[in-house]
Structure formats: structure tokens, C-alpha cells
Amino acid sequence: MLNLRLPPLKPHLNWLVTVLSGLLAAVAPWWRGPGLELAGLTPDWPLIWVVCWSVRRKAWQGAVAGITLGFLQDALTNPYPTHALGLAVVGILAARLQKQRYMHEDFISIALIVFGMVVIAETLMALQWMWLTAFAPAGMASSPLGSLGSAGPRSLESIWWNHQRNVLTSAILSSLWAPALYWPLSRCWHSQERDLQ
Amino acid sequence: MSRLRQWRRKVGGLLLATLALGAALSLRQTKGSLLVEAYTRLTAPLRPVVNPEEVLRQAATRELQALVAELQHQNRELRRLLQLAEQGPQVKIPAAVVGRSADHWWQQLTLDRGSRQGIKVGDVVVAPGGLIGRVEAVTPNSSRVLLISDPTSRVGVTLSRSRQMGILRGTGSQEAILDFFDKNPQVEVGDVVVTSGLSSLYPAGIVVGTVRAINLDASPAPQATVELSAPLGFLEWALVYPYAQPAASPS
């Protein structure tokens with residue numbers, strides 16, 4: 000009886016794992032554990048998740064995952080500027096790399112891809128901050144408290160300082176931690192593919 | 000043979016007795032210094048290490064706390080004599096920090112108390128050390144705080160010594176930049192920075208930090224680098240208190 004019921008359960012379980020791991024990746028930066036923090040920054044878990052998802056999938060799937068995770072991160076921080084743009088680009092690029100053709104799928108290449116993608120995503124964030132500071136009304140470039148008057152636009156200096164810090168620190172930390180998320184997720188998705196065949 | 004042994008035993012006993020008496024006498028004469036020394040040495044590893052600096056610092060802190068309580072009391076009495084409108088003791092809501100920024104661009108905290116416990120958007124958040132930020136979003140059981148170290152945060156502050164006013168903006172680190180209104184501010188390294196009474200968003204007189212460096216040539220206004228006094232990276236709990244903005248209140 001149990002054997003008969005198990006096989007149809009497994010695809011659902013895989014989707015559950017996917018959804019839960021995505022949600023966990025979105026809230027993971029809240030938690031600062033030993034080894035997870037370098038100069039006050041954590042690994043960029045949402046980005047690592049998007050890269051892990053996208054490397055074996057099509058570009059549009061990567062984009063959807065990137066936008067979804069980006070919206071989740073917007074929800075947890077502030078919607079302007081949006082994280083979805085950077086993560087969508089990351090998803091598309093990671094899928095476009097068509098990694099199987101150039102190199103083996105292993106931890107090292109995942110770590111390298113994550114390193115590059117952090118740089119791209121953070122640069123897109125910085126450019127968005129520039130745009131918001133330069134063109135948008137003051138309220139948009141700031142937090143929801145803008146209407147209360149306790150917020151102001153970021154200075155260019157602080158944007159690029161923040162960008163530099165994120166790129167240097169977070170890229171190293173994220174690429175070091177990427178295999179920790181990639182290994183269980185790829186195991187799970189591989190088994191899903193095998194079942195579908 | 001046995002006689003020799005007996006004799007030896009007697010002499011030995013006598014010698015031992017003399018030795019014991021002599022040792023006891025010498026200890027008595029020296030007020031047991033050897034014994035005390037030996038005891039102190041032997042039990043040294045068992046005693047807790049006392050760091051005199053630490054003890055002194057704790058004592059000094061206690062003295063200062065007592066002094067602050069005393070001055071607050073005097074201040075309240077004097078205000079009562081002057082019949083100044085007294086702000087009643089505010090209800091502070093203690094909350095634990097359950098999460099930090101969810102990305103690398105915003106400096107935020109998540110607290111485990113929300114609207115169900117009486118927290119509203121715009122409430123002021125302080126921690127051991129001083130002001131840390133304002134509540135920017137609440138859910139029934141959690142609230143999100145924008146820290147004063149966030150680059151978009153602006154706090155109206157004043158120097159407690161010279162009453163020079165300015166605006167403090169975060170830099171994403173433990174240091175913040177103070178832009179003065181005055182072209183020629185009276186400011187010195189070490190000045191204490193507190194929230195300004197003219198700021199309608201924060202109650203006056205909450206400690207924010209101390210001046211670490213001054214740049215009078217900065218454009219468009221003189222600047223000072225302020226080290227925030229609350230350790231924003233290590234916070235484990237915070238106090239939230241509702242602050243009715245003077246403009247909004249009926250008085």
C-alpha cells in the first residue's frame with residue numbers, strides 16, 4: 000500500500016523542496032551564524048539559489064526564478080530599487096552559459112559563476128540607485144519613511160562605496176558558500192529528472 | 000644490635016620532635032608567613048582571576064548610573080518647580096532582534112514585537128548605547144527597523160556641548176556623517192551628539208554618538224564623522240517606544 004502511494008508523491012515533494020528552499024534562500028540573510036559573516040555581510044543566498052536553479056535550465060526559466068526571488072527580496076527590504084532586475088539578468092546569463100558545453104558541472108564552476116554573477120547583480124543595483132538618485136522624485140529614492148521626512152537620497156559616494164564593498168566581500172563569501180546550497184539542490188533536481196525520464 | 004636500633008630510634012624521635020618544635024616556633028615567630036605563602040601559592044589556580052581594571056570600570060559605571068539617576072531626579076524636581084509640562088515615563092516595549100538586513104544595500108533589523116504589542120510605523124528604537132533607528136514596517140508580531148546607519152536615514156541632531164545643530168546621515172557602517180547647518184560650527188573631537196529638540200521625528204536628547212573627526216572644509220557645509228554609540232552590528236535586543244510627534248499631537 001505504502002509502495003503504491005509513494006511514486007506519485009515524489010514529484011510533489013520535489014516541488015515542495017524547490018519552493019521551500021527558495022523561500023529559505025530569501026530569508027537566509029537575516030541569520031548571521033559563525034562563518035556566514037564577513038565584514039558585516041552575508042552570502043547572497045537568493046543569488047546563489049537563482050544560479051543553482053538556472054544552470055541546468057532554459058533562459059526564461061532562469062528569468063522567472065530571478066524575478067520571483069527578486070520580488071521576495073524586495074518584500075523583505077524595500078521595493079526601490081528592485082532586486083528583480085539584477086537577479087533576472089543573473090538567471091538568464093547563468094542559463095545562457097550552457098555550462099555543460101564548456102565545462103563540467105561541479106562545485107568549482109558553480110563557485111566561479113556565482114562570483115561573476117554577484118558582481119553583475121550588484122553593479123545593476125548600483126546603477127539603479129544612481130538612476131533613482133538622479134532622476135526620480137526624492138520619495139522614491141528612499142525608504143517608505145520618506146514621506147515622514149527622516150530619509151533622503153543616497154549620495155553617489157555612498158552608492159559606489161557600498162557597491163565596492165558588496166562586490167569584494169559578498170562575491171568571495173557567496174562563491175565559497177555556493178556549493179553548500181548547490182549540492183543538495185542539484186541532488187534533488189537530478190533525481191527529479193531521472194524520475195521524469 | 001637491638002640496643003643500637005633502640006638508641007637510634009630514641010635519637011631519631013628526639014630529633015624529629017626538636018625539628019617539629021623548632022619549625023613551629025619559627026612559624027610562630029614569623030607569624031606563619033611561610034604557611035600563608037604556601038597556602039596562597041597552592042590555592043592560586045583555584046581562585047578566580049580578578050581583573051582590577053574590570054572591577055574599577057564596573058564600579059565607575061555603577062557610580063555614573065547612580066549619578067545619572069540622581070541628576071534625572073533633580074532635573075524632574077526642578078522642572079516640577081518650574082511647572083514645565085512633564086513628559087510622563089513612556090512605556091518602552093522590549094523586543095529581541097530576530098533578523099538583520101535581507102540584502103547588502105539596506106541597514107535594517109527585524110524585531111519580534113509588532114502591532115499586537117503596540118508598535119506603530121514611526122516609533123523610535125533605542126538600544127544599549129543610544130538611538131538605533133525608526134520602525135518602518137510592522138506586522139502583527141514583528142517590525143522592521145531602518146537603522147540610522149542606513150545611507151538613506153536622516154536624523155536631526157545637536158552637539159550636547161555647544162548646541163550646534165546638523166543632520167546626521169548613515170554610511171552603512173558604524174560611522175555616520177554629520178552635516179552642520181552653521182558655516183563655522185563650534186565642534187571638537189569627542190563631543191557628544193544627541194537628537195535635536197527641533198527634530199519632530201525623534202524625542203530630544205537621545206544619545207547618538209561621539210564626534211571622531213572634523214572636516215571644516217567640506218562642501219557645501221562643514222562635516223564631522225560621528226561614531227555611533229550603539230553597537231549596531233552586535234545588537235540582540237532593543238527598546239521601542241511610541242513617540243507622538245509634536246506637530247501631530249493636539250497640544
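Going down the list, the sequences are from chains V and A.
Mapping of the first sequence onto numbering that gives the first Met the number 0: residues 0 to 196, in sequence order.
Mapping of the second sequence onto numbering that gives the first Met the number 0: residues 0 to 250, in sequence order.
Glycine included, each C-beta is placed from N, C-alpha and C at the ideal position.
Only buried fits glutamine 107 of chain A, as 16 or more other CB atoms lie within 10 angstroms of its CB. The straight-line gap separating the alpha-carbon atoms of threonine 194 of chain A and proline 127 of chain A is approximately 16 Å. At least one CB of chain A lies nearer than 8 Å to the CB of proline 28 of chain V. When the five nearest sequence neighbours on each side are left out, the beta carbons in the same chain lying within less than 8 Å of the beta carbon of valine 26 of chain V are those of Leu75, in order along the chain.
Annotation: arginine 75 of chain A to alanine 65 of chain A spans about 15 Å, alpha carbon to alpha carbon. Taking every protein chain shown into account, the CB of tryptophan 159 of chain V has fewer than 16 other CB atoms within 10 angstroms, so this residue is exposed.
Residue environment: tryptophan 176 of chain V is assigned as buried (16 or more neighbouring CB atoms within 10 Å of its CB, all protein chains considered). Residue nearest to leucine 110 of chain A within the set A:Leu20, A:Val97, A:Val120 is A:Val97 (criterion: CA-CA distance). In this structure, the alpha-carbon of leucine 227 of chain A lies about 6 Å from that of glutamine 173 of chain A.
In the structure shown, arginine 160 of chain A adopts coil according to DSSP, grouped into three states.
Only residues of its own chain outside the window of five on either side were considered, and among them Pro80 have a CB closer than 6 Å to the CB of glutamine 127 of chain V, listed in chain order.
In the structure shown, threonine 168 of chain V falls within a helical segment according to DSSP collapsed to helix, strand and coil. Closest by C-alpha distance to alanine 136 of chain A, out of A:Arg112, A:Thr151, A:Ala212, is A:Arg112. Following the DSSP letters along the chain, one finds glutamate 36 of chain A inside the alpha helix (DSSP H) bounded by residues 32-42.
Excluding the 5 residues flanking it on each side, arginine 115 of chain A has same chain C-beta neighbours closer than 7 Å at Pro139, Asn140, in chain order. A contact between stretches requires three or more CB pairs, one per stretch, nearer than 8 Å, and the stretch 159-172 of chain A meets this requirement with the stretch 180-191 of chain A. Between valine 125 of chain A and arginine 133 of chain A, the CB-CB gap reaches or exceeds 8 Å. For leucine 146 of chain A, the CB contacts under 8 Å within the same chain, skipping 5 residues up- and downstream, are Gln106, Gln107, Leu108, Ile131, Gly132, Ser152, Gly169, Leu231 in chain order.
Alanine 23 of chain A and valine 48 of chain A have their alpha carbons spaced roughly 32 Å apart. Exclusion of the five residues before and after arginine 99 of chain A leaves Gln107, Leu108, Thr109 as the residues of its chain whose Cβ lies within less than 8 Å of its Cβ. Ranked by Cα distance from glycine 39 of chain V, the first of V:Ala179, V:Leu167, V:Glu192, V:Leu180 is V:Leu167. A residue is called buried once 16 or more other Cβ atoms fall within 10 Å of its Cβ, and glutamate 121 of chain V is buried on that count. Residue pairing of glutamine 222 of chain A in beta bridges, as defined by DSSP: A:Asp178, A:Asn214.
Flagged as an interface residue toward chain A: arginine 31 of chain V, by a C-beta distance shorter than 8 Å.
In this structure, DSSP gives valine 90 of chain A a state outside helix and strand, which the three-state scheme calls coil.
DSSP places isoleucine 131 of chain A inside the beta strand (DSSP E), whose first and last residues are 129-138. Glycine 65 of chain V sits in a helix when the DSSP states are folded into three classes. Taking 8 Å as the threshold, the shortest C-beta distance from serine 228 of chain A to chain V does not fall below it. Minimum Cα-Cα distance from alanine 95 of chain A among the listed residues A:Pro241, A:Ser218, A:Phe233 corresponds to A:Phe233. Excluding residues up to 5 positions away in sequence, Trp44, Pro45, Ile47, Trp48, Leu68, Leu180 lie with their Cβ nearer than 8 Å to the Cβ of alanine 24 of chain V in the same chain. Membership of arginine 75 of chain A in the alpha helix (DSSP H) is indicated by the continuous run 51-80. The DSSP-derived three-state label of leucine 200 of chain A is coil. Leucine 145 of chain A: not part of any alpha helix (DSSP H); member of the beta strand (DSSP E) spanning 141-146, first to last residue. Rounded to whole angstroms, the Cβ separation of valine 210 of chain A and aspartate 178 of chain A is 13 Å, and the two are not in contact under 8 Å. Taking CB atoms only, tryptophan 105 of chain A has a neighbour in chain V less than 8 Å away. Residue range 107-110 is occupied by the beta strand (DSSP E) that includes leucine 108 of chain A.
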